[in-house]
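J.: UniProt numbering numbers the first residue of the sequence shown as 1 and each following residue consecutively.
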Amino acid sequence: MFVDRIYFPVTTLGPGERVVVWTCGCTKRCPGCANPELWETRPEAAIEPARLAAVLNDLAGRTGAHRITFTGGDPLEQAPALASVLAAIRSAFDDILIYTGYTFGELTAMPKLPKGLLPLPSSPQPSSGGLPNEGSAGAALSAHPEDAPLIDVLIDGPYVEAENDGVCALRGSTNQRVIVLNPALETLYHEEMQKPRSVQNAVFDGRAISIGIHGRPQTTREKE
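1. Quick one: what's got a C-beta closer than 7 Å to residue 134's C-beta in the same chain, skipping five residues either side?
2. Classify residue 49: buried if its beta carbon has 16 or more other beta carbons within 10 angstroms, exposed otherwise.
3. From residue 128 to residue 102, what does the alpha carbon distance come to, in whole angstroms?
4. To which residues of the same chain is residue 78 closer than 8 Å at the C-beta, ignoring the five residues directly before and after it?
5. If you run the structure through DSSP and keep just helix, strand and coil, what is residue 102?
6. Kindly confirm or deny that the region 62-72 and the region 91-107 touch, where touching means at least three C-beta pairs closer than 8 Å.
7. In whole angstroms, what separates the C-alpha of residue 9 from that of residue 15?
8. Taking the beta strand (DSSP E) that residue 156 belongs to, which residues open and close that run?
9. Excluding sequence positions up to five away, which residues of its chain have a Cβ less than 7 Å from the Cβ of residue 113?
10. For residue 208, write down the residues that DSSP places opposite it in a beta bridge.
11. In chain order, what residues of the same chain lie with their CB nearer than 6 Å to the CB of residue 4, ignoring the 5 residues before and after it?
12. Looking only at its own chain, which residues have a Cβ that is under 6 Å from the Cβ of residue 188, when we skip the five neighbours before and after it?
13. Can you tell which of 214, 20, 151, 91 has the C-alpha that lies nearest to the C-alpha of residue 119?
14. With DSSP as the reference, please indicate the residues paired to residue 160 in a beta bridge.
15. Sorted by chain position, which residues of the same chain lie with C-beta nearer than 6 Å to residue 34's C-beta, five sequence neighbours on each side aside?
16. Going along the chain, which residues of its own chain have a beta-carbon closer than 8 Å to the beta-carbon of residue 226, five neighbours each way excluded?
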């Protein structure tokens, strides 16, 4: 797997204090992307899934962290490796949030999507409005816990700069959906979506990083 950095605690990419993993590699290359430096994979960023899982489990044990976010890059461009990591850390993390440029429908239609990442194809689809409602995947899985996916929450779809309204704390543009697949987390994420955006500034490996969902640059707003 290709991973650029791991940071804890983060409070701006999901509810609570979280571990955040930034993967490398994204072919979507959305204009206005907040992390264009993570589009390319780099040999020095390679890490075996088992090693990454061990690092994350150790971090959870030392800090008490139990929430984690994978962003990038696009973690689901490394779906087999990601599935291996998630299976190995599942017992330590009860809130696993994944950002991806793929839509939910595109992912579930992939013939080689690793089993267990998302609900079974026969499961009801999440509602198009974001948080699932009655009859959605979350409601169905509560009755069939054996089908529970490794991903608790998926924020799907490419970033579209013209649709960045600067409002939601969890998504960059309004075309993206916050799909809660774990019914135990629906209330938590609904409340998180009502909060304003915030950015956490930090230093990692000698460089300043800005963590969170950013607004549109003033220059792109002025062009409209």
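For every residue, glycine included, the Cβ atom is placed at its ideal position computed from N, Cα and C.
T.: Result, derived from the coordinates:
1. In this prediction, residue 134 has a pLDDT of 27, which is less than 50 and means its spatial position is unreliable; nothing more can be read from the coordinates.
2. buried
3. With a pLDDT of only 39 at residue 128, under 50, the local geometry of the prediction cannot be trusted, and the value read off the model is given with reservation. C-alpha separation (whole angstroms): 15 Å.
4. 1, 2, 23, 25
5. coil
6. yes
7. 11 Å
8. 153-156
9. 79, 107
10. 203
11. 22, 24, 38, 45
12. 15
13. 151
14. In the DSSP output, where bridge partners are listed per residue, residue 160 has none listed.
15. 214
16. Residue 226 falls outside the range modelled here, since the chain spans only 1 to 224, and no answer is possible.
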